[in-house]
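Numbering (my numbering), first residue to last: 4 to 390.
Next up, the structure:
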């Protein structure tokens, strides 16, 4: 790396820290979700820092994550001193010659990726078409830069419906891993229970510190991984089967970043579960020409599907119950949220430049549209298939 490029990256690190702190200062005590912090602080970051537009967005998101952790922790306002910068696919480009181009506060910097002598896991992912670069982090310490390159499985290419599509909504959570708008519930209790058991075992075995303990821990980890993967595949298959049964061309999830922020009990483990499940559903759905989309999940747990009244006290968190303060309609709160996620996909308008996309959301007993409201399947020309 040339001295000029190193200077540009150091300047980016400093502006990133300053931008994150400005966003925290703006949002502290006011809001904490990514969308709220971005809306509140983005203009200030663009006016008062040299960050580009996308890095300004990423800085507001990092600030939101720090605020959420602080609220769940000791309650003190975050201070950004760590020399790290987040990158996504809009701010970096990875080339086949093992180099990466990074956005800075000035001109882009192109650097060679120095991989381990044996190639390391990075080479396996870089050479595998089943993976693509994803969110990554640049670290600066003791005069050296380290780039932690992330990967993800690419979403399959599916054309979005242009008109008249029916949507299956899916709400994600901790107690219930997934709930569909057609009232299918997939418990997350066993996944959380097995993970907790593994963590207890890990602490005991690490304290033991013997070679036998390390081998036992590795075996236990492999068993947990196999169980989790199998369970996620089962849930993904059942969600797609549900969409197919109800003739849905779309499956709508809440945006994962927002879901994790709006659900206080989520951990990094649950975030990983949500991401893996979404990926599995995307691939299973693509096999049946069903597209998967994400929508903003804010207030979907507080909005009444019957009358549209939105209020935080509509939801009883202790009893997992939703009861509208206005019309007194009641339902399981996760089921109500799943219906609202589907309806939001319909209400948000065109999914692409070619047409409308979604027009109705699928429930267990009928369809809901913005114009006609609820229509039982018995009154429609075709009822959902039972196979």
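For every residue, glycine included, the Cβ atom is placed at its ideal position computed from N, Cα and C.
Small disclaimer: the values here were computed from a predicted structure and weren't measured.
Compare the beta carbon distance of residue i and residue j with 8 Å and say whether it is the shorter of the two.
i	j	result
residue 110	residue 232	no
residue 106	residue 153	no
residue 320	residue 245	no
residue 169	residue 250	yes
residue 159	residue 285	yes
residue 274	residue 299	no
residue 383	residue 366	no
What residue range is occupied by the uninterrupted beta strand (DSSP E) comprising residue i?
i	result
residue 144	135 to 144
residue 185	Taken as a continuous stretch (DSSP letters only), residue 185 belongs to no beta strand (DSSP E), as it is neither H nor E.
residue 115	112 to 115
residue 94	Taken as a continuous stretch (DSSP letters only), residue 94 belongs to no beta strand (DSSP E), as it is neither H nor E.
residue 13	From DSSP, residue 13 is part of no beta strand (DSSP E) but of the alpha helix (DSSP H) over 6 to 30.
residue 364	361 to 365
residue 155	147 to 155
Answer yes or no: the CB of residue i versus the heavy atoms of the ligand MG, is any distance below 7 Å?
i	result
residue 56	Absence of the ligand MG from the depicted structure is noted, as is the absence of any ligand whatsoever, leaving it without description.
Please report the distance separating the alpha-carbon of residue i from that of residue j.
i	j	result
residue 161	residue 292	7 Å
residue 174	residue 186	11 Å
residue 37	residue 46	14 Å
residue 346	residue 176	19 Å
residue 136	residue 338	34 Å
residue 141	residue 211	35 Å
residue 57	residue 330	43 Å
residue 83	residue 24	6 Å
residue 200	residue 373	46 Å
residue 243	residue 288	6 Å
residue 133	residue 282	12 Å
residue 223	residue 198	11 Å
residue 183	residue 334	13 Å
residue 29	residue 39	11 Å
If residue i sits next to residue j, beta carbons under 8 Å apart, how far is it from one beta carbon to the other, in whole angstroms?
i	j	result
residue 86	residue 155	Actually they do not touch by this definition, with Cβ atoms about 25 Å apart.
residue 69	residue 48	Their Cβ separation, rounded to whole angstroms, is 15 Å, which puts residue 69 and residue 48 out of contact at 8 Å.
For residue i, which residues in the same chain have their Cβ closer than 7 Å to its Cβ, ignoring the five residues on either side in sequence?
i	result
residue 21	52
residue 216	208
residue 4	114
residue 296	253, 255, 348 and 354
residue 81	27, 69, 70 and 73
List the endpoints of the continuous alpha helix (DSSP H) containing residue i.
i	result
residue 168	Counting along the chain, residue 168 falls outside any alpha helix (DSSP H), though it belongs to the beta strand (DSSP E) covering 168 to 175.
residue 163	Where residue 163 is concerned, there is no enclosing alpha helix (DSSP H), given that its DSSP letter is neither H nor E.
Using a Cβ-Cβ distance under 8 Å, would residue i count as near chain D?
i	result
residue 44	Note that chain D does not occur in the displayed structure, where there is just one protein chain.
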